[in-house]
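> So in the UniProt record's numbering, spot 235 of the sequence shown is number 235, and the numbers just go up one at a time. Just so it is clear, CB atoms sit at the ideal spot from N, CA and C, and this is done for glycine as well. Since the structure is predicted, the reported quantities are computational estimates derived from the model, not experimental observations.
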Amino acid sequence: MNLFSVRPAAPLRNGTGRLFARAQTADSVPAGSAFAGPTPASVSGLAGWWDAGALGAVLDANGNPLVAWNAPAAALADKSGNGATLLPFHIAADTAPATMMAVPRVNGFLGAAGSPDPAIAQYGPTLDPDWGLSLARFDLGSGAAWTLYLVWTRPNWRQGTIEVDNAPIPLIHAMATGTTIIEAGGPGGGGLTLFPGTAASRGITATIERRHTHALILRNTPGTGVDVWLDGAQVASGVANPLPASAAGNVLLFHDNTVQGSAQCWFHEAACWTRALDAVEVTTLVAAQGRWVLGARRGVNLLVMGQSNAEWFVQAGGALALAQGVAWYLGAAAWAATSLPAGNVVSPARYSMIAGHPVSNSSPPLFPPGAANGTFLTNPGDGSSPATWALGPDGQALSAYLTGSQALVPAVDEADIAFLLWPWSEQDSTMPYANKTLYKESVSRLAALTRQMLGRSAASLPLLLWSAIPYETDQGVQMVRESVLDLSLDPAGNAVIFVAQTADSNPLNATWDPATGLFSGGDPQHRDQPDLLRYGRIGAHAAARAALAMGLSDSIPAAAVPASGLPVAGGPSITHAYQAAPDQVVVTIRHDAGTDLRVNLQAANGAGFAVMDGGTVANPGPMIPATAASRVDATHVAVTLQRAPVSPAASCLLYYPYGSTQIGRRDAVTDNLSSLAPPAGWSMAADLGAAFAIDMPLQATAYGVPLSTTPG
């Protein structure tokens, strides 16, 4: 099944090949978030205790505690003081396993240990299929009294393998006898099974969630059997232990000692005792589980639709980065982008993206009614409202991709779809400005039909749109920019602008000088991949706000999101334009999460700023480009025009930018967000990589800002 059209690892891997690129200090958690309840050490007689939720007991290759997240981990120290170190385990001799890492924010603000694989198979994160942990010399025999405690997160079904993707996952395995003590069911069904594959096999829960964090207690009492608690509730008692009376040997966590035998889970915490805990002690251990968010966990999936720039957006990793950023806000366990470009020779045709095709065939003669190449909606050309239009060939291919007996997207993945994502404006922005109402209504119609395919309402499935990219026609681009803003202001449509500035980009494969910000050549109809990836990272903020407003939080509650210090509106915006001199305009800017302005590279030469000297988009007056721009103070930029407008101030409109103008990469006025300390525990750059530390660009002006003769 081909669900995701992404270049493996592109959005997540830096030059070292690691998933995570930038360190987070051990104390970078929100104030007051520490758990004040008991710990496994509150129960006497600990034989071993290991904790990856915080850094103090995660060791580097030299045996020293790690001081920062997103770093290689060599072992987990025994916090009981007994020296029973947990070590990574793998069996493959012909391939190097992915490095075990200490990663933050896997369960709320608590971390985990595991081996993330840079290549995303379907859902992020993908974990190495040959990784587990090994505890030396622990006796799980039927004649020995023992208690085991384990907390883990499964972010997804097993993935990236052929042999075991659909198989249950091993949680605890006794190497002395080759017996899996307990396993959790895979996509084929099943819950927790005690002693699978033995005569004593016992199913102890009917089902277990695809994504989850659970806490497990196993207690063996000689002559009585094994008792099991899951998340504090007893789910089995007195199950016969099929192991011999003595079965001392290494115990594996998340591996069954077979090829690709990893459970592909995150490790959080474990403890063991060489005795059977009594009822009071079990109650104490259950209380210690209050540190963790237990139960089903959420995945964040995006359905990507559009034409060629949507395809490039996916290929660049922008969609996956956006989904990962939303998951970071929500504390979700997994992230993905669902899409498929046209081109597969299949019947029926199934895809969500196709190069060169707009929303509808409303731009004759390129797409006349009944054209063989089709569009997502068919305008019958009879003057009817777009609210009545039917799906065109592309829309039918989308429906076949998502629904019916030959659909390529499983229902369980569709249930995770949190957004319709449309990085899409190219061909539609060649329409005349007069088509604005028709365009907006066609967007609403296609969004409604797509939501119907998924059985969702507008309120439960937001539509993510970007501010129109520079394309061929000024008036058409402005029409789409205005339409996107209008749609975002209509609560009934639940549309969100995820990137409010797209002109600060280069043409695909252009030559670019980072010292000057100048570019040349390239394909002007497509945005360059580094910019598209950056849009995904920027867009995570606005998309996450929509998800939070819908109550989609997972292990991090919406109330924990800081009221300030993180972007809300998608970057700073222009609120006033004062004609301070005949050829100078002082622009007033409202900040989002930043506190100051930066006039970078070609921005100092006025890149993007222009004044329309009278007229409107429907009937444009002459455009006067800017020749210089400079910071006045933290909220004002002085813009010098090529000449003074002839029209009175109130008849002139400031744009940033106008139509198809390309500002260029790093040539936009930005805020200073990347230099500001984020709220404690809310550093996206620390958790997801330094590339997420971004100064937010000044938003595009959907509508021109009238010049004023009074300061703002």
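(1) With 16 as the cutoff for other CB atoms within 10 Å, does Thr162 come out buried or exposed?
(2) Give me the DSSP bridge partner(s) of Trp312.
(3) Report all residues from its chain with a CB closer than 7 Å to the CB of Arg631; omit the five preceding and five following residues, and keep chain order.
(4) Within the stretch 73-153, note down every full beta strand (DSSP E) run reaching 3 residues or more, in order along the chain.
(5) Excluding five sequence neighbours on each side, which residues of the same chain lie with their C-beta closer than 6 Å to the C-beta of Thr403?
(6) Whose C-beta lies closer than 8 Å to the C-beta of Ala199 among residues of the same chain, with five residues either side of it excluded?
(7) Exposed or buried, Pro513, counting other C-beta atoms within 10 Å across all chains shown (16 or more means buried)?
(8) What would DSSP say about Ile663, mapped onto helix, strand or coil?
(9) Can Leu127 be considered in contact with the ligand NAD, in the sense that its beta carbon sits closer than 7 Å to one or more heavy atoms?
(10) Could you give the residue range of the beta strand (DSSP E) that holds Gln579?
(11) How do the stretch 300-315 and the stretch 266-275 stand: do at least 3 beta-carbon pairs fall below 8 Å, yes or no?
(12) Would you list the residues sitting across from Tyr655 in a DSSP beta bridge?
(13) Name the residue from Pro582, Gly565 and Val561 whose alpha carbon lies nearest to the alpha carbon of Ser33.
(14) Where does Ala546 sit, in a helix, a strand or coil, going by DSSP?
(15) Would you kindly work out how many angstroms separate the C-alpha atoms of Ala21 and Pro72, rounded to a whole number?
(16) From what residue to what residue does the beta strand (DSSP E) around Ala236 run?
(17) So for Pro38, helix, strand or coil by DSSP?
(18) Kindly indicate which residue of Asp139, Thr153 and Arg154 has the alpha-carbon position closest to the one of Thr147.
(19) Determine the extent of the beta strand (DSSP E) in which Thr180 is found, giving its start and end residues.
(20) Output the distance between the C-alpha atoms of Ile204 and Leu465, rounded to the nearest integer angstrom.
(21) My output table needs one value for Ser384: the three-state DSSP class, helix, strand or coil.
(22) What are the residues that DSSP puts in a beta bridge with Asp523?
(23) Are Leu438 and Pro386 closer than 8 Å when you measure CB to CB?
(24) Using beta-carbon positions only, say whether Val568 and Gln478 come within less than 8 Å of one another.
(25) Look up Pro393 in the DSSP assignment and say whether it is helix, strand or coil.
(26) Let me confirm a value: Ser457 is counted as buried when at least 16 other C-beta atoms fall within 10 Å, else exposed. Which label applies?
(27) Taking 8 Å as the cut-off, decide whether the C-beta atoms of Val251 and Leu135 are in contact.
(28) Give, in chain order, every unbroken run of the alpha helix (DSSP H) that is at least 4 residues long and sits entirely within the stretch 257-320.
(29) Within its chain, find whatever has a CB closer than 7 Å to the CB of Asn494; leave out the 5 residues flanking it on each side and keep chain order.
(30) If you check the beta carbons only, do Ser362 and Met431 fall under 8 Å apart?
(31) Starting from Pro697, follow its DSSP beta bridges and name the residues at the other end.
(32) How many angstroms separate the CA atom of Arg297 from the CA atom of Asp231?
(33) Would you call the CB atoms of Ala628 and Gly608 closer than 8 Å?
(34) DSSP beta-bridge partners for Arg631?
(35) Hey, is the stretch 81-98 in contact with the stretch 122-131, meaning 3+ C-beta pairs nearer than 8 Å?
(36) Apart from the five residues on each side of it in sequence, which residues of its chain come closer than 8 Å, Cβ to Cβ, to Asn509?
With the structure as the only source:
(1) The residue given as residue 162 occupies position 162 in the sequence shown. Reading off the sequence shown, one finds Ile at residue 162, where the question assumed Thr. Counting Cβ neighbours within 10 Å, Ile162 comes out exposed, since fewer than 16 surround it.
(2) Reading the sequence shown from its first residue, position 312 is the one you call residue 312. The beta-bridge partner set that DSSP reports for Trp312 is empty.
(3) For the purposes of this step, residue 631 is taken as residue 631 along the sequence shown, with counting starting at 1. Contacts found: Leu597, Val599 and Val637.
(4) 87-89, 101-107, 110-114 and 132-139
(5) Position 403 of the sequence shown holds residue 403. Only Met453 meet the Cβ criterion.
(6) Taking the sequence shown and counting its residues from 1, the one referred to as residue 199 is at position 199. Only Pro242 meet the Cβ criterion.
(7) Translated into the one-based positions of the sequence shown, residue 513 becomes position 513. Checking the sequence, you will find Asp at residue 513 rather than Pro. Classification of Asp513: exposed, given that the 10 Å Cβ count is below 16.
(8) Position 663 of the sequence shown, counted from the first residue, corresponds to residue 663. Ile663: coil per DSSP, three-state reduction.
(9) Ligands are entirely absent from the displayed structure, and the ligand NAD is therefore not among its contents.
(10) Locating residue 579 in the sequence shown gives position 579, counting from the first residue. Run containing Gln579: Ser573 to Ala581, per the beta strand (DSSP E) assignment.
(11) no
(12) Within the sequence shown, numbered from 1, the residue matching residue 655 stands at position 655. In the DSSP output, where bridge partners are listed per residue, Tyr655 has Ala610.
(13) Here residue 33 corresponds to residue number 33 of the sequence shown, with the count starting at 1. Out of Pro582, Gly565 and Val561, Val561 has the C-alpha closest to the C-alpha of Ser33.
(14) Taking the sequence shown and counting its residues from 1, the one referred to as residue 546 is at position 546. Three-state DSSP puts Ala546 in a helix.
(15) Counting from one through the sequence shown, the residue named residue 21 turns up at place 21. Counting from one through the sequence shown, the residue named residue 72 turns up at place 72. Any reading at Ala21 must be qualified, since the residue scores a pLDDT of 29, below 50, and its modelled position is unreliable; no value is offered.
(16) Sequence index remark: in the sequence shown, residue 236 carries index 236 (1-based). Taken as a continuous stretch (DSSP letters only), the beta strand (DSSP E) holding Ala236 covers Ala233 to Val239.
(17) As a working mapping, residue 38 is identified with position 38 in the sequence shown. Pro38: coil per DSSP, three-state reduction.
(18) If you number the sequence shown from 1, residue 147 lands on position 147. Closest option to Thr147, Cα to Cα, is Asp139.
(19) Within the sequence shown, the letter at position 180 stands for residue 180. First-last of the beta strand (DSSP E) with Thr180: Thr179 to Gly186.
(20) Looking up residue 204 in the sequence shown gives position 204. Looking up residue 465 in the sequence shown gives position 465. When rounded, the distance between both Cα atoms is 46 Å.
(21) Here the question's residue 384 lines up with position 384 in the sequence shown. If DSSP states are grouped into helix, strand and coil, Ser384 belongs with coil.
(22) The residue you call residue 523 lines up with position 523 of the sequence shown. Its beta-bridge partners are Leu508.
(23) Working through the sequence shown from its first residue, we reach residue 438 at position 438. Working through the sequence shown from its first residue, we reach residue 386 at position 386. Yes. Within cutoff.
(24) For the purposes of this step, residue 568 is taken as the residue at position 568 of the sequence shown. For the purposes of this step, residue 478 is taken as the residue at position 478 of the sequence shown. In this structure, Gln478 does not lie closer than 8 Å to Val568 by Cβ.
(25) On the sequence shown, residue 393 is found 393 positions in, with the first residue counted as 1. Reduced to three states, the DSSP call for Pro393 is helix.
(26) Residue mapping note: residue 457 aligns to position 457 of the sequence shown, counting from 1. With fewer than 16 other Cβ atoms within 10 Å, it is exposed.
(27) The residue labelled residue 251 in the question sits at position 251 within the sequence shown. The residue labelled residue 135 in the question sits at position 135 within the sequence shown. Result yes, Cβ atoms of Val251 and Leu135 sit closer than 8 Å.
(28) 279-288 and 308-315
(29) Here the question's residue 494 lines up with position 494 in the sequence shown. Once the five neighbours on either side are set aside, the close Cβ partners of Asn494 are Ala458, Ala459, Pro462 and Leu463.
(30) In the sequence shown, the residue the question calls residue 362 occupies position 362. In the sequence shown, the residue the question calls residue 431 occupies position 431. If you check the CB distance, Ser362 and Met431 come in under 8 Å.
(31) What you label residue 697 is simply residue 697 of the sequence shown in a count that begins at 1. Thr670, per the DSSP bridge assignment.
(32) Within the sequence shown, numbered from 1, the residue matching residue 297 stands at position 297. Within the sequence shown, numbered from 1, the residue matching residue 231 stands at position 231. When rounded, the distance between both Cα atoms is 14 Å.
(33) As a position in the sequence shown, residue 628 is number 628, starting the count at 1. As a position in the sequence shown, residue 608 is number 608, starting the count at 1. No, the Cβ-Cβ distance between Ala628 and Gly608 is not below 8 Å.
(34) Numbered from 1 along the sequence shown, position 631 holds the residue referred to as residue 631. Answer is Val637, bridged to Arg631.
(35) yes
(36) Against the sequence shown, residue 509 aligns to sequence position 509. Contacts found: Gly521, Gly522, Asp523 and Asp528.
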